[in-house]
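*Asks:*
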Amino acid sequence: MSGQLVAGIGFRRGTDADEIAALITRALGAVGAARADLVAIATAADRATEPSIRQAAAQYGLAPCPVEAAALEACDAKIVTRSARIERLRGVGSLAEAAALAAAGPESRLALPRIASAGATCALAIPQHNARPA
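Under my numbering, think of the first position of the sequence shown as 622, with each following residue one higher.
What follows is the structure, encoded as C-alpha coordinates:
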(Lines of atoms letter the chains of each structure in order from A and count residues from 1; the text may use other names and numbers.)
(Lines give C-alpha, C1' and ligand atoms only; values in the text may rest on other atoms or scores of the structure.)
Protein backbone atom coordinates (compact mmCIF):
# COMPACT_ATOMS: atom_id res chain seq x y z
CA MET A 1 0.00 0.00 0.00
CA SER A 2 1.25 3.45 -0.77
CA GLY A 3 -0.32 6.76 0.08
CA GLN A 4 -1.12 8.64 3.21
CA LEU A 5 -2.06 6.93 6.43
CA VAL A 6 -3.04 8.34 9.78
CA ALA A 7 -2.42 6.28 12.91
CA GLY A 8 -4.90 6.72 15.73
CA ILE A 9 -3.55 5.83 19.16
CA GLY A 10 -5.19 5.08 22.46
CA PHE A 11 -2.96 4.29 25.43
CA ARG A 12 -3.02 3.78 29.15
CA ARG A 13 -0.98 6.02 31.40
CA GLY A 14 2.39 4.44 32.03
CA THR A 15 2.63 2.88 28.56
CA ASP A 16 6.11 3.63 27.25
CA ALA A 17 6.99 5.22 23.93
CA ASP A 18 8.69 2.12 22.56
CA GLU A 19 5.54 0.05 23.03
CA ILE A 20 3.45 2.65 21.19
CA ALA A 21 6.01 2.96 18.37
CA ALA A 22 6.25 -0.83 18.00
CA LEU A 23 2.46 -1.07 17.74
CA ILE A 24 2.44 1.58 14.98
CA THR A 25 5.14 -0.38 13.13
CA ARG A 26 3.07 -3.55 13.51
CA ALA A 27 -0.01 -1.77 12.13
CA LEU A 28 1.90 -0.43 9.13
CA GLY A 29 3.24 -3.91 8.43
CA ALA A 30 -0.26 -5.38 8.62
CA VAL A 31 -1.38 -3.25 5.66
CA GLY A 32 1.91 -3.45 3.75
CA ALA A 33 2.71 0.21 4.28
CA ALA A 34 6.07 1.89 4.65
CA ARG A 35 7.06 4.33 7.38
CA ALA A 36 6.95 7.08 4.76
CA ASP A 37 3.22 6.42 4.25
CA LEU A 38 2.50 7.59 7.81
CA VAL A 39 1.60 11.27 7.74
CA ALA A 40 0.08 11.76 11.20
CA ILE A 41 -0.26 10.16 14.63
CA ALA A 42 -3.50 11.21 16.30
CA THR A 43 -4.80 10.80 19.82
CA ALA A 44 -7.26 12.42 22.20
CA ALA A 45 -6.41 16.07 22.79
CA ASP A 46 -6.13 15.57 26.55
CA ARG A 47 -3.40 12.93 26.01
CA ALA A 48 -1.45 14.47 23.09
CA THR A 49 1.10 16.23 25.31
CA GLU A 50 2.03 13.15 27.35
CA PRO A 51 5.71 12.20 27.04
CA SER A 52 5.11 8.65 25.80
CA ILE A 53 3.00 9.66 22.78
CA ARG A 54 5.30 12.61 22.00
CA GLN A 55 8.37 10.36 22.10
CA ALA A 56 6.69 7.63 20.03
CA ALA A 57 5.62 10.16 17.38
CA ALA A 58 9.12 11.62 17.32
CA GLN A 59 10.45 8.19 16.32
CA TYR A 60 8.49 8.73 13.07
CA GLY A 61 9.52 12.36 12.71
CA LEU A 62 6.04 13.53 13.70
CA ALA A 63 4.32 15.33 16.56
CA PRO A 64 1.05 13.99 17.99
CA CYS A 65 -2.08 15.39 16.37
CA PRO A 66 -4.59 16.26 19.13
CA VAL A 67 -8.24 15.40 18.41
CA GLU A 68 -10.94 17.09 20.46
CA ALA A 69 -13.70 15.02 22.09
CA ALA A 70 -16.42 16.34 19.77
CA ALA A 71 -14.42 15.29 16.69
CA LEU A 72 -13.88 11.82 18.19
CA GLU A 73 -17.61 11.46 18.89
CA ALA A 74 -18.49 12.59 15.37
CA CYS A 75 -16.66 9.52 14.00
CA ASP A 76 -18.40 6.97 16.21
CA ALA A 77 -20.75 5.72 13.48
CA LYS A 78 -17.72 4.70 11.35
CA ILE A 79 -16.03 2.74 14.15
CA VAL A 80 -16.02 -1.05 13.75
CA THR A 81 -14.49 -2.09 17.08
CA ARG A 82 -16.29 -1.54 20.38
CA SER A 83 -14.85 -1.40 23.89
CA ALA A 84 -17.41 -0.92 26.66
CA ARG A 85 -14.71 0.67 28.84
CA ILE A 86 -13.75 3.24 26.21
CA GLU A 87 -17.40 3.95 25.43
CA ARG A 88 -17.94 4.79 29.11
CA LEU A 89 -14.79 6.92 29.32
CA ARG A 90 -14.76 8.57 25.90
CA GLY A 91 -18.19 8.20 24.35
CA VAL A 92 -16.82 6.26 21.36
CA GLY A 93 -16.33 2.57 20.73
CA SER A 94 -12.61 2.87 19.97
CA LEU A 95 -10.42 5.86 20.70
CA ALA A 96 -7.77 4.65 18.23
CA GLU A 97 -10.26 4.29 15.38
CA ALA A 98 -12.02 7.57 16.14
CA ALA A 99 -8.73 9.50 16.36
CA ALA A 100 -7.46 8.04 13.08
CA LEU A 101 -10.72 8.78 11.26
CA ALA A 102 -11.08 12.29 12.67
CA ALA A 103 -7.51 13.28 11.80
CA ALA A 104 -7.73 11.77 8.30
CA GLY A 105 -10.74 13.91 7.41
CA PRO A 106 -14.49 13.63 6.90
CA GLU A 107 -14.33 11.24 3.92
CA SER A 108 -11.74 8.93 5.49
CA ARG A 109 -12.14 5.21 6.01
CA LEU A 110 -10.35 2.67 8.15
CA ALA A 111 -7.41 0.93 6.50
CA LEU A 112 -6.88 -1.18 9.65
CA PRO A 113 -9.31 -1.52 12.57
CA ARG A 114 -7.91 -1.33 16.09
CA ILE A 115 -5.08 -3.64 17.06
CA ALA A 116 -3.72 -3.76 20.60
CA SER A 117 -0.64 -4.29 22.71
CA ALA A 118 -0.62 -4.56 26.50
CA GLY A 119 -1.07 -0.81 27.04
CA ALA A 120 -2.00 0.74 23.71
CA THR A 121 -4.30 0.49 20.70
CA CYS A 122 -3.66 1.58 17.13
CA ALA A 123 -5.87 1.94 14.06
CA LEU A 124 -5.03 3.27 10.62
CA ALA A 125 -7.21 5.50 8.47
CA ILE A 126 -6.79 6.70 4.92
CA PRO A 127 -8.33 9.82 3.42
CA GLN A 128 -10.98 8.76 0.91
CA HIS A 129 -9.34 10.58 -2.00
CA ASN A 130 -6.35 8.21 -1.58
CA ALA A 131 -8.44 5.07 -1.11
CA ARG A 132 -8.41 2.23 -3.56
CA PRO A 133 -11.77 0.90 -4.71
CA ALA A 134 -13.05 -1.95 -2.59
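We put the CB at the ideal spot given by N, CA and C, even for glycine.
No experiment lies behind these values; they were computed from the predicted model shown.
Go through its chain and collect everything with a Cβ distance to Arg634's Cβ below 8 Å, but skip five positions before and after it.
*Replies:* Glu671
*Asks:* With DSSP collapsed to three states, give me the class of Asn751.
*Replies:* Note that Asn751 scores 48 on pLDDT, short of 50, meaning its location in the model is unreliable and no value can be drawn from it.
*Asks:* By the 10 Å Cβ neighbour count, where 16 or more other Cβ atoms means buried, how is Gly629 classified, buried or exposed?
*Replies:* buried
*Asks:* Shortest alpha-carbon distance to Ala677 belongs to which of Gly631, Ala725, Glu689?
*Replies:* Between Ala677 and the set Gly631, Ala725, Glu689, the nearest pair of CA atoms involves Gly631.
*Asks:* Quick test of your reading: Val660 and Gln625, contact by CB under 8 Å. State the CB separation rounded to the nearest angstrom.
*Replies:* Yes, they are in contact, since the Cβ atoms of Val660 and Gln625 sit about 5 Å apart, within 8 Å.
*Asks:* Have a look at Ala666 and Lys699 and give me their C-alpha separation to the nearest angstrom.
*Replies:* 20 Å
*Asks:* Compare the beta carbon distance of Ala669 and Cys696 with 9 Å and say whether it is the shorter of the two.
*Replies:* The answer is no: Cβ separation not under 9 Å.
*Asks:* State the Cα-Cα distance for the pair Ile674 and Ile641, rounded to the nearest angstrom.
*Replies:* The alpha-carbon separation between Ile674 and Ile641 amounts to approximately 7 Å.
*Asks:* Please classify Arg656 as buried or exposed, where buried requires at least 16 neighbouring CB atoms within 10 angstroms.
*Replies:* exposed
*Asks:* If you run the structure through DSSP and keep just helix, strand and coil, what is Gly650?
*Replies:* helix
*Asks:* Where Glu728 and Gln749 are concerned, what is the direct C-alpha to C-alpha distance, given to the nearest angstrom?
*Replies:* 5 Å
*Asks:* Is the beta carbon of Ala746 less than 9 Å from the beta carbon of Ala725?
*Replies:* yes
*Asks:* If you count every other CB in all the chains shown that lies within 10 Å of the CB of Arg735, and 16 or more means buried, which is it?
*Replies:* buried
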